[in-house]
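Right, one structure below, let's go through it.
Numbering (the numbering used here), first residue to last: 2 to 139.
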């Protein structure tokens with residue numbers, strides 16, 4: 002009897018841990034795009050800012066707004082508009098696979114990227130052009 006209780010308690014602990022991890026994941030992820038959500042991004046950004054201030058490293062933030070997304074949603078419907086946002090999220094993921102890049106869905110039609118790798122203005126401009134060119138193909 003004691004053995005079966007221990008086994009049951011162990012199973013319950015495992016389930017609680019799994020559910021806790023699932024809730025943690027849900028609280029950090031945008032459900033449409035699968036990217037980090039705004040709240041979690043802001044927490045990560047704050048940490049990046051503090052580290053950047055401490056070590057004197059640069060920090061760059063890209064704010065990417067999808068033009069006329071609301072008009073598109075009104076005309077073609079929410080499902081189609083969300084599919085487009087998912088496609089754009091996938092494109093941005095391919096451009097942000099570097100270690101010091103953080104990509105998030107920041108609003109209904111907004112993405113943000115924070116990076117510590119692009120310190121010169123020409124590099125920032127080149128990266129911004131890459132983003133625009135890649136997303137324009139969608």
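Note that beta-carbon positions come from the ideal geometry of N, C-alpha and C, so glycine has one too.
Is it true that the CB of residue j sits closer than 9 Å to the CB of residue i?
{"i": "residue 128", "j": "residue 104", "result": "no"}
{"i": "residue 101", "j": "residue 125", "result": "no"}
{"i": "residue 1", "j": "residue 45", "result": "Missing from the structure shown is residue 1; the chain here goes from 2 to 139 and no further."}
Among the options, whose alpha-carbon lies nearest the alpha-carbon of residue i?
{"i": "residue 108", "options": "76, 32 and 51", "result": "32"}
{"i": "residue 94", "options": "15, 49, 115 and 4", "result": "115"}
{"i": "residue 86", "options": "77, 111 and 76", "result": "111"}
{"i": "residue 133", "options": "7, 41 and 67", "result": "67"}
{"i": "residue 122", "options": "62, 79 and 78", "result": "62"}
{"i": "residue 80", "options": "29, 11, 42 and 34", "result": "34"}
To which residues of the same chain is residue i closer than 6 Å at the C-beta, ignoring the five residues directly before and after it?
{"i": "residue 39", "result": "107"}
{"i": "residue 64", "result": "113"}
{"i": "residue 59", "result": "120"}
{"i": "residue 74", "result": "82"}
{"i": "residue 137", "result": "none"}
Distance cutoff 9 Å, beta carbons only. Does residue i sit that close to anything in chain B?
{"i": "residue 17", "result": "The structure shown has no chain B; it contains just one protein chain."}
Once the 5 residues before and after residue i are set aside, which same chain residues still bring their CB inside 8 Å of it?
{"i": "residue 53", "result": "59, 60 and 117"}
{"i": "residue 49", "result": "60, 103, 115 and 117"}
Under the DSSP definition of a beta bridge, which residues are partnered with residue i?
{"i": "residue 111", "result": "66 and 108"}
{"i": "residue 116", "result": "61 and 102"}
{"i": "residue 30", "result": "37"}
Excluding the five sequence neighbours on either side, which residues of its own chain have a C-beta within less than 7 Å of the C-beta of residue i, listed in chain order?
{"i": "residue 131", "result": "96"}
{"i": "residue 84", "result": "none"}
Looking at C-beta atoms only, is the number of pairs between the region 82-90 and the region 10-26 that lie closer than 8 Å three or more?
-> Proximity of the region 82-90 to the region 10-26 falls short of the contact definition, fewer than three beta-carbon pairs being nearer than 8 Å.
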